[in-house]
Amino acid sequence: MFAPLYFRVSRQTALRISIRTAHSGAKLLPIPPELEVLATPQNNSEARSWIASFRHKTIPKVLVDMSFSRSSGPGGQNVNKVNTKATLRCELDADWIPPWAKPALKKSSFYVSSSKSLMITSTVYRSQSQNVDDCLQKLHNLILTAASDSVRNETSEDTKRRVVAHEKAAKERRMKEKMYRSATKQSRSGKTPKNDD
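Residue numbers (this note's numbering): 80 to 276.
Have a look at this one:
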């Protein structure tokens with residue numbers, strides 16, 4: 080079950096190593112369809128179904144690189160002793176990040192162009208584990224927003240009919256206003272409109 084280890088580790092550490100290698104984490108998240116651009120209604124439908132399945136998942140810690148440092152802010156002397164600030168780095172080329180969302184992610188303030196990755200930090204909580212969870216939640220929301228913004232919803236027939244009716248009513252209203260304004264100007268000038276009889 081375990082790979083042979085040439086150095087001595089505790090049973091708990093060995094179990095943790097074997098779990099990480101057995102479950103890479105990518106299997107826990109839905110793999111997005113390989114769509115660079117959402118051009119057709121079928122592409123939008125595939126993207127919508129991926130978004131629906133990704134929305135209720137949490138990003139496992141094994142898919143990102145985490146680092147910790149001392150945090151500023153509330154906490155008194157605890158701030159000087161404990162590394163509570165969490166910094167998350169995620170490669171943009173990860174296979175679980177949808178390709179159609181990558182251009183939007185590159186424009187976000189969390190994108191680091193030198194390493195082609197996303198970097199998110201959290202110092203909200205005094206606890207390191209809560210800051211890790213906050214970073215993972217921020218990453219999840221960022222990817223979900225970037226993926227959802229590219230998806231176009233189909234317009235229903237009822238909505239199309241209402242838009243046409245509104246445009247027609249607006250055009251009629253504009254024509255009535257123009258005729259009223261024209262009549263007002265003609266009455267001020269004292270001229271009567273010419274009839275072509």
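Built from N, CA and C at the ideal position, the CB exists for glycine as well.
All values reported here derive from a predicted model rather than from experimental measurement.
| said: Considering only their Cβ atoms, is the gap separating F133 from L117 smaller than 8 angstroms? | reply: For L117 and F133, no; Cβs fall outside 8 angstroms.
| Among L223, Q207, R168 and G269, which has the Cα closest to the Cα of A131? | Taking the Cα of A131 as reference, the smallest distance to any Cα among L223, Q207, R168 and G269 is reached at L223.
| Distance, N122 Cα to V161 Cα | The alpha-carbon of V161 is positioned some 47 angstroms away from that of N122.
| Can you name, in chain order, every residue of its own chain whose Cβ lies under 8 angstroms from the Cβ of L184, other than the five neighbours on each side? | Around L184: L171, I176, Y190, L197, L221, I222 and A225.
| query | What did DSSP end up calling I222 once you bin it into helix, strand or coil? | reply | In this structure, DSSP gives I222 a helical state, which the three-state scheme calls helix.
| message | Spatial neighbours of K136 within its chain, please: C-beta separation below 6 angstroms, excluding the five flanking residues on both sides. | response | If the five residues before and after K136 are omitted, its C-beta is found closer than 6 angstroms to the C-beta atoms of L108, all from its own chain and listed in chain order.
| query | Could you check where the beta strand (DSSP E) with I199 kicks off and where it finishes? | reply | Per DSSP, the continuous beta strand (DSSP E) segment holding I199 begins and ends at S196 to S201.
| message | Measuring only the C-alpha atoms, how far is T163 from S194? | response | Spanning the alpha carbons of T163 and S194 requires a straight line of approximately 24 angstroms.
| said: How far does the beta strand (DSSP E) with R277 in it extend, from its first residue to its last? | reply: An answer regarding residue 277 cannot be provided, because it is not within the stretch 80 to 276 covered by the chain.
| If we call anything under 8 angstroms between Cβ atoms a contact, is S201 one with A173? | Result no, Cβ atoms of S201 and A173 do not sit closer than 8 angstroms.
| task | Leaving out five residues on either side along the sequence, give the residues of the same chain with a beta carbon under 8 angstroms from the beta carbon of L114. | result | For L114, same chain residues with a beta-carbon under 8 angstroms away, outside a window of 5 residues either side, are N122, E125, A126, P177, P178 and W179 in chain order.
| said: Contact defined as beta carbons within less than 8 angstroms: I believe E233 pairs with P112. What is the distance between those atoms, to the nearest angstrom? | reply: About 18 angstroms; that fails the 8 angstroms criterion.
| field | Alpha-carbon to alpha-carbon, Q209 and E251 | value | C-alpha of E251 to C-alpha of Q209: approximately 60 angstroms in a straight line.
| Taking DSSP as the reference, what is the three-state secondary structure of Y259? | Helix, per DSSP.
| query | Which of the three DSSP states, helix, strand or coil, is assigned to D212? | reply | Helix at D212.
| request: Classify S128 as helix, strand or coil using the three-state DSSP reduction. | output: S128 sits in a helix when the DSSP states are folded into three classes.
| task | Specify the secondary structure class of F133 as computed by DSSP and reduced to three states. | result | Reduced to three states, the DSSP call for F133 is helix.
| query | Helix, strand or coil: how does DSSP classify S146 here? | reply | Correct three-state label for S146: strand.
| task | Would you kindly report the start and end of the unbroken alpha helix (DSSP H) that includes L184? | result | Looking at the DSSP string, the run of the alpha helix (DSSP H) that includes L184 is K181 to K186.
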